[in-house]
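Remarks on the structure that follows.
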Amino acid sequence: MNASRKGSSKLETVPVTLTVNGETKRLEVLPWTILLDLLRDHLKLSGTKKGCDHGQCGACTVLVDGRRLNSCMAFAVMKDGAQITTVEGLARNGDLHPLQQAFIDHDAFQCGYCTPGQICSGVGLIEEGRAHTRDEIREYMSGNICRCGAYTNIVDAIEQVIGADAEAGR
Amino acid sequence: MNRFSYLRATSIDEAMREAAADPTARFIAGGTNLIDLMKYNVERPTRLIDITRLPLNGIEETESGGLRLGALVTNDETAFDSRIQDRYPLLASAIQAGASPQLRNAATTGGNLLQRTRCYYFYDPETPCNKREPGTGCPAAFGRNRIHAILGTSDHCIATHPSDMAVAMAALQAIVHVRGPGGERAIPIADFHRLPGEHPEIDNTMLHGEIITSVELPPDGFSRNYTYLKLRDRLSYAFALVSVAAALRMENGTIAQARLALGGVAHKPWRDPAAEAMLQGQPATEDRFRAVADHILKDARGYQDNAFKIDLARRAIVTALSQAASGTPQSQIDKRIQ
Ligand SMILES: Cc1cc2nc3c(=O)[nH]c(=O)nc-3n(C[C@H](O)[C@H](O)[C@H](O)COP(=O)(O)OP(=O)(O)OC[C@H]3O[C@@H](n4cnc5c(N)ncnc54)[C@H](O)[C@@H]3O)c2cc1C
Ligand code: SF4
Ligand code: FES
Ligand code: FES
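Those sequence lines, one after another, are chains Z and C. Position one of the first sequence corresponds to residue 1 (our numbering), numbered consecutively onward. Position one of the second sequence corresponds to residue 171 (our numbering), numbered consecutively onward.
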């Protein structure tokens, strides 16, 4: 933390505009601010979790311009102009997102720490539309580790939403 | 993490100029490798040049009938592009075998080629490492080395290159296009990464200030007879212990042309043209495949924890060649190996 502050001692912030859960935020951030830390510590959206901080667990998964990303592996400045959805932004008018409801219906968590990442990742997966079988759900959810081992119920929950979407012709 | 100044580059020229002017500047694309290394203080750039807004994000037809992948196309976009899936399924398969959906959404063509080794000692600035700090030694050679190389190692470094994508590109004989202060260069992928030799701190043949603009895929994608077989400690979201990209052109049951590249075993995707020649004009038999595997591994050297890789690679080569010859590529969803 102490290195290469030689030269100017003033820390230069960079203006960044992010739309987070539908709300536009104009922010001044230091270049090394990680998106995950910005969400949790600056915007007080602590739903998104820090597991490993190194891209290895998926707990920090959010949707950036509709695509799932590890927010621990992104500098906030690089996402200028992006639309970001965190677990706090999935409900609509007080109704849970169908996948949130499905997680409850299927008991798809134990300690709950991986859950926000699992749900955001699952929403991304459903949007991608590539998973149709349980094997596919498992593989395309492999970027989310659950230390409690709730995997079977997580697959059940996602399968329920994909199934309901298919029935409704979505 | 160290402090750095940030520039959002608006043109390739600007990015190149800014990088050339500062030896400690780094480009950043998906960030999934560079940020990781910065968090461990392995990389300490004082200036980051964000190249993600540059117009290097398309997949285009080339005049020769191949495809050109922009340096900023994400691994996910490549793997699920219908042209790639139809004409270069080997590449699509290898990318899908790597990392996770989230990481593939961020990772780019250029960044993937330039990702650094996952050697535990390289990642830990408290330990010596010739790659991180030339001249300090290689603790991996006498320490923990389960994930390390068995081919092309030197006394100075036994690290592997971790990319899956690059292994498929090696088999496809892709060409890496770079631009730098000295102009444009087209580097055959075989000459892009290098062996550690006496200079393990140098991963590849790019020069400081050069930027990858695209990777060109030659017309022949071996789309009928191919496989990417990746073996690792868990079925997904893990780096290869050994991987094999096999691409064959079959004519009336005989092998007219063969390409083989191995991942997880060397400092670069490993090819052995003499072994490939042993397949040319031959029927696809397991005996032949075994002879080819023996040839590729004849100089392999195992270390304390990774000697198992020699046998694993031998069997993986035979299985991959059988899968490719029979037109039944390894599924990256159902991980059972047939
Ligand atoms: C937990 C985890 C698991 C992973 N598993 C796998 C796996 O199984 N298989 C696999 O293959 N990979 C795996 N990866 C690695 C991943 O594929 C790479 O991190 C990714 O491809 C790097 O691309 P990027 O765009 O994010 O690179 P960045 O991190 O942005 O950049 C990497 C390097 O490339 C340079 N660079 C980037 N673009 C250019 C350019 N156009 N020109 C010049 N220089 C450039 C940067 O300066 C930097 O030095 C894994 C990563 C993680 C974190
Ligand atoms: S194998 Fe290479 S990267 Fe690992 S400690 Fe030795 S010199 Fe460093
Ligand atoms: S906290 Fe980001 S992947 Fe683990
Ligand atoms: S519910 Fe505890 S880690 Fe997944």
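Beta carbons: idealized from backbone N, C-alpha and C, even for Gly.
Starting from the Cα of residue 380 of chain C, find the closest Cα among C/204, C/405, C/174 and C/219 and give me that residue.
-> C/219
Could you tell me if residue 215 of chain C is buried or exposed, where buried requires 16 or more neighbouring beta carbons within 10 angstroms of its beta carbon?
-> With 16 or more other Cβ atoms within 10 Å, it is buried.
Return the residue from the list C/477, C/494, C/434 and C/463 that minimises the CA-CA distance to residue 288 of chain C.
-> C/434
Is it true that the CB of residue 140 of chain Z sits closer than 7 Å to the CB of residue 173 of chain Z?
-> Residue 173 of chain Z falls outside the range modelled here, since chain Z spans only 1 to 170, and no answer is possible.
Sort Z/40, Z/59, Z/28 and Z/35 by Cα distance to residue 122 of chain Z and report the nearest one.
-> Z/59
Give the residues of chain Z in contact with residue 209 of chain C, contact being defined as C-beta atoms less than 7 Å apart.
-> 53 and 54
7 Å Cβ cutoff, residue 275 of chain C in contact with chain Z | yes
Is it buried or exposed for residue 478 of chain C, if we count other Cβ within 10 angstroms and need 16 for buried?
-> exposed
Under 7 Å Cβ to Cβ from residue 400 of chain C, same chain only, skipping five residues before and after it: list those, please.
-> 267, 334, 410 and 413
Contacting residues, own chain, Cβ-Cβ under 7 Å from residue 375 of chain C (five flanking each side not counted) | 357, 361, 362 and 364
Does the beta carbon of residue 134 of chain Z come closer than 7 Å to any beta carbon on chain C?
-> No, no contact with chain C.
Out of C/329, C/508 and C/187, state which residue places its alpha-carbon closest to the alpha-carbon of residue 351 of chain C.
-> C/187
Beta carbon of residue 50 of chain Z: closer than 6 Å to some heavy atom of ligand 3?
-> Yes - ligand 3 has a heavy atom lying nearer than 6 Å to the Cβ of residue 50 of chain Z.
Residues proximal to ligand 4 by C-beta, any heavy atom closer than 5 Å = Z/109, Z/110, Z/111, Z/113, Z/114, Z/146, Z/147, Z/148 and Z/150
Kindly indicate which residue of Z/120, Z/69 and Z/144 has the alpha-carbon position closest to the one of residue 275 of chain C.
-> That would be Z/69, whose Cα lies nearest to the Cα of residue 275 of chain C.
Using a Cβ-Cβ cut-off of 6 Å (strictly less than) and excluding sequence neighbours within five positions of residue 197 of chain C, which residues of its own chain qualify?
-> 219 and 221
Buried or exposed by the 16-neighbour rule on C-beta atoms within 10 Å, applied to residue 93 of chain Z = exposed
Residue 153 of chain Z: beta carbon under 6 Å from a heavy atom of ligand 1?
-> no
Confirm, please, whether the CB-CB distance from residue 408 of chain C to residue 124 of chain C is below 7 Å.
-> Given a span of 171 to 508 for chain C in the structure shown, any question on residue 124 of chain C remains unanswerable.
Beta-carbon proximity of residue 110 of chain Z to residue 57 of chain Z, cut-off 7 Å | no
Below-7 Å beta-carbon distance, residue 147 of chain Z vs any chain C residue | no
Whose CA, out of C/184, C/328 and C/241, lies closest to the CA of residue 386 of chain C?
-> C/241
Examine chain Z for any beta-carbon lying closer than 7 Å to the beta-carbon of residue 201 of chain C, and answer yes or no.
-> yes
Sort C/486, C/235 and C/330 by Cα distance to residue 463 of chain C and report the nearest one.
-> C/486
Measuring only between beta-carbons, confirm whether residue 157 of chain Z sits less than 7 Å from chain C.
-> No, residue 157 of chain Z lies away from the interface with chain C (no Cβ there is under 7 Å from its Cβ).
How many Å lie between residue 359 of chain C and residue 192 of chain C at the Cα?
-> 27 Å
Hey, is the segment 289 to 299 of chain C in contact with the segment 435 to 449 of chain C, meaning 3+ C-beta pairs nearer than 8 Å?
-> no
Under 8 Å by Cβ, that's how I've got residue 449 of chain C and residue 460 of chain C pegged, so tell me the actual separation to the nearest angstrom.
-> Taking the Cβ atoms as the reference, residue 449 of chain C lies roughly 12 Å from residue 460 of chain C, outside the contact range of under 8 Å.
Indicate whether at least one CB of chain C lies closer than 7 Å to the CB of residue 139 of chain Z.
-> It does: the Cβ of residue 139 of chain Z has a partner Cβ on chain C nearer than 7 Å.
Would you list, in chain order, the members of the segment 33 to 67 of chain Z that have their beta-carbon closer than 7 Å to a beta-carbon of chain C?
-> 53, 54, 55, 58, 61 and 67
Apart from the five residues on each side of it in sequence, which residues of its chain come closer than 7 Å, Cβ to Cβ, to residue 502 of chain C?
-> If the five residues before and after residue 502 of chain C are omitted, its C-beta is found closer than 7 Å to the C-beta atoms of 263, 266 and 267, all from its own chain and listed in chain order.
Are there 16 or more other CB atoms within 10 angstroms of the CB of residue 246 of chain C, so buried, or fewer, so exposed?
-> buried
Within this structure, are the beta carbons of residue 73 of chain Z and residue 202 of chain C separated by less than 7 Å?
-> yes
How should residue 500 of chain C be labelled, buried or exposed, when 16 other C-beta atoms within 10 angstroms of its C-beta is the threshold for buried?
-> Result: buried.
Do you know how far the Cα of residue 133 of chain Z is from the Cα of residue 21 of chain Z?
-> 30 Å
Residue 300 of chain C CB to nearest heavy atom of ligand 2 below 6 Å | yes
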